[in-house]
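In this text, residue positions in the sequence shown follow our numbering: the first is 368, and each later residue adds one. The structure under discussion appears below in the form of structure tokens.
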Amino acid sequence: MVPASRITAINEHPLAPAGDYVLYWMIANRRTSWNFALDRALEHAAELRKPLVVLEALRVDHRWASDRFHQFVVDGMRDNQRAFAGAGVTYLPYLEPVPGQGRGLLSALAERAAVVVTDEFPCFFLPGMVAAAGRALRVRLEAVDANGLLPLRAVDTVSSSAHVFRRTLQRTLPAHLQDRPAADPLAELDRRAAAPRPASIIARWPDALAWLDAGGAIADLPIDHTVAPVETRGGHTAARARLEAFLRDDLHRYGVERNHPEREAASRLSPYLHWGHLAAHEIFAAVMSQAGWLGNLPSKATGSREGWWGVGAAAESFLDELVTWREIGFNMASKRADYDRFESLPDWARKTLDAHETDHREWRYDLPALEQARTHDLLWNAAQRQLVTDGRIHNYLRMLWGKKILQWTASAREALAIMIELNNKFALDGRDPNSYSGIFWTLGRYDRPWFPERDVFGVVRYMSSENTARKYRVKDYIARYHGTGQT
Numbered sequence: 368m369v370p371a372s373r374i375t376a377i378n379e380h381p382l383a384p385a386g387d388y389v390l391y392w393m394i395a396n397r398r399t400s401w402n403f404a405l406d407r408a409l410e411h412a413a414e415l416r417k418p419l420v421v422l423e424a425l426r427v428d429h430r431w432a433s434d435r436f437h438q439f440v441v442d443g444m445r446d447n448q449r450a451f452a453g454a455g456v457t458y459l460p461y462l463e464p465v466p467g468q469g470r471g472l473l474s475a476l477a478e479r480a481a482v483v484v485t486d487e488f489p490c491f492f493l494p495g496m497v498a499a500a501g502r503a504l505r506v507r508l509e510a511v512d513a514n515g516l517l518p519l520r521a522v523d524t525v526s527s528s529a530h531v532f533r534r535t536l537q538r539t540l541p542a543h544l545q546d547r548p549a550a551d552p553l554a555e556l557d558r559r560a561a562a563p564r565p566a567s568i569i570a571r572w573p574d575a576l577a578w579l580d581a582g583g584a585i586a587d588l589p590i591d592h593t594v595a596p597v598e599t600r601g602g603h604t605a606a607r608a609r610l611e612a613f614l615r616d617d618l619h620r621y622g623v624e625r626n627h628p629e630r631e632a633a634s635r636l637s638p639y640l641h642w643g644h645l646a647a648h649e650i651f652a653a654v655m656s657q658a659g660w661l662g663n664l665p666s667k668a669t670g671s672r673e674g675w676w677g678v679g680a681a682a683e684s685f686l687d688e689l690v691t692w693r694e695i696g697f698n699m700a701s702k703r704a705d706y707d708r709f710e711s712l713p714d715w716a717r718k719t720l721d722a723h724e725t726d727h728r729e730w731r732y733d734l735p736a737l738e739q740a741r742t743h744d745l746l747w748n749a750a751q752r753q754l755v756t757d758g759r760i761h762n763y764l765r766m767l768w769g770k771k772i773l774q775w776t777a778s779a780r781e782a783l784a785i786m787i788e789l790n791n792k793f794a795l796d797g798r799d800p801n802s803y804s805g806i807f808w809t810l811g812r813y814d815r816p817w818f819p820e821r822d823v824f825g826v827v828r829y830m831s832s833e834n835t836a837r838k839y840r841v842k843d844y845i846a847r848y849h850g851t852g853q854t
């Protein structure tokens, strides 16, 4: 049973037992396993003895919509189509062809629904979209939190640092670890007759995959075609393969080598987490199974980064990223509506950055120059080109990337706007609480003052390409992403 702490009623309408089906509006957890929202929809379907209909749609009018992100979602739609077809679930994938064309689709399906279940995701335009749907629908709408190991409502406060959040996790998380979504809920589905595909609705809002198979193309949609798809494929099949490869080849060296640009030891799972193609619960279960974890945890919360889980150092290091650093971003985004604004920075960071706003900058670059990687810094250019071509930046270099933008722009506010624009435009895992944590960390969030005080940075932590090149080998990385326009 889905824990009550993960279920939120968006409106006050009751269930409609006379409805024809249960509707799952899939907007963030785009997967058919390890998904509390799908579990909740299936619970309703079993209790009401109704079939399940799943709507997975993608708009064209949201900011940063592009070929890259549409293709990643379509990859996942194809996986979902296969899984739902085999389980007798009616699946309706939809790609909006022009802005506004999808308006009315959810309401039309909800008119015949006994209840509507959707995903809770505390970032980007999704919270506003769900709230608006709650006001518009005339049937009960529930949002389900399937974001991480710790329910969003398990704590009431916003943590100021990773250490503080670790202590909170270590006190609170053990009580929730046994609450896991079903690994294969469709296998256990009571196979009653599937809901018929609504012909009138399909006629107005065509099946996206049928449209693509009949010759339609993402290139026909009014989205940004300059941000091209990348080699990384989306969907749960690709996500599961990446997880298995990471566990087999990279986890054992993660703690020691993940910061080295020329040693690809990072998990590369964040795009799948962001798009909901893979669950944190599934990753956690796989890591702990490989580690032989017996579920034993210390009784005392120390906030320590290592040793609390009682597994090897490499797994501990990875779990700190998967749980602490990922979920601290969800903690912020779910508690503060200004999570993506300069004003959400700690007081000390805002004060020191404002105090140094008029400092001399030896180098100044605007958004076009930065987007095109036309700076004097070869390592930074390589990182930016990796973002544009691969949809990601190496984990360590992502921090350097942000610090240099701060150093090269007129103000911290301009730097923040540029970081958000570049990251959200190109990164497969952009527009996510976790990626906002990374951006804002470069400006002082979750950090502390660092002395001595410097020009531009004040007492915000400083990083340089020169120091990075002394710590890690970067020559081959720079050569790999060398391109035209380099200065």
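All C-beta atoms, glycine included, are put in the ideal place defined by N, C-alpha and C.
Of the residues the options, the one placed nearest residue i, counting alpha carbons only
i: Leu588; options: Val597, Thr599, Ala575, Glu598; result: Ala575
i: Asn626; options: Pro381, Gln468, Met368, Arg840; result: Arg840
i: Ala606; options: His644, Thr593, Leu614, Ala570; result: His644
i: Leu473; options: Arg449, Val506, Ala452; result: Val506
i: Ala529; options: Asn791, Ser804, Ser832, Asp796; result: Ser804
i: Ile568; options: Tyr461, Val594, His619, Pro541; result: Tyr461
i: Tyr848; options: Leu773, Lys667, Arg759; result: Arg759
Backbone secondary structure at residue i - three-state DSSP
i: Trp392; result: strand
i: Ile374; result: strand
i: Tyr763; result: helix
i: Asn402; result: coil
i: Tyr461; result: strand
i: Tyr844; result: helix
i: Glu781; result: helix
i: Glu509; result: strand
i: Tyr839; result: coil
i: Asp617; result: helix
i: Asp587; result: helix
i: Arg821; result: strand
i: Thr854; result: The predicted position of Thr854 is uncertain, since its pLDDT is 34 and thus under 50; no value can be drawn from it.
i: Ser656; result: helix
i: Tyr813; result: strand
i: Ser528; result: strand
i: Lys702; result: helix
i: Lys667; result: coil
i: Thr742; result: coil
i: Arg497; result: Note on residue identity: the sequence assigns Val, not Arg, to residue 497. Val497: helix per DSSP, three-state reduction.
i: Ser831; result: coil
Segment limits, alpha helix (DSSP H) that includes residue i
i: Tyr621; result: 621-624
i: Thr776; result: Counting along the chain, Thr776 falls outside any alpha helix (DSSP H), and DSSP gives it neither H nor E.
i: Pro638; result: 637-641
i: His437; result: 434-454
i: Glu631; result: Unbroken run through Glu631: none, as it is neither H nor E.
i: Thr756; result: 745-757
i: Ser804; result: 800-808
i: Thr725; result: Here Thr725 belongs to no alpha helix (DSSP H), and DSSP marks it neither H nor E.
i: Glu688; result: First-last for Glu688: undefined, no H or E at that position.
i: Trp578; result: 575-580
Proximity below 8 Å, CB of residue i to CB of residue j
i: Pro596; j: Arg435; result: yes
i: Arg397; j: Gly515; result: no
i: Val522; j: Asn698; result: yes
i: Thr485; j: Trp392; result: yes
i: Leu382; j: Val456; result: no
i: Pro723; j: Val823; result: Correcting the residue type first, residue 723 is His in the shown sequence and not Pro. Going by C-beta atoms, His723 is nearer than 8 Å to Val823.
i: Val511; j: Arg373; result: yes
i: Val389; j: Leu415; result: yes
i: Thr835; j: Leu746; result: yes
Run of the beta strand (DSSP E) containing residue i, from where it starts to where it stops
i: Asp486; result: 480-487
i: Val421; result: 419-425
Check: residue i C-beta below 7 Å from any heavy atom of the ligand MG
i: Ala376; result: Annotation note on the ligand MG: not contained in the displayed structure, which lists no ligands.
Check whether the stretch 703-717 touches the stretch 811-820, taking contact to mean three or more Cβ pairs, one atom from each stretch, closer than 8 Å.
yes
For the stretch 750-762 against the stretch 624-644, do three or more pairs of beta-carbon atoms, one drawn from each stretch, fall closer than 8 Å, so that the two count as touching?
yes
Would you call the stretch 496-506 and the stretch 607-621 touching, i.e. three or more CB-CB distances under 8 Å?
no
Is it the case that the stretch 409-419 contacts the stretch 654-664, given that we only count it when at least three CB pairs across the two stretches are under 8 Å?
no
contact_flag[the stretch 769-785, the stretch 682-693] where n(CB pairs < 8 Å) is 3 or more:
no
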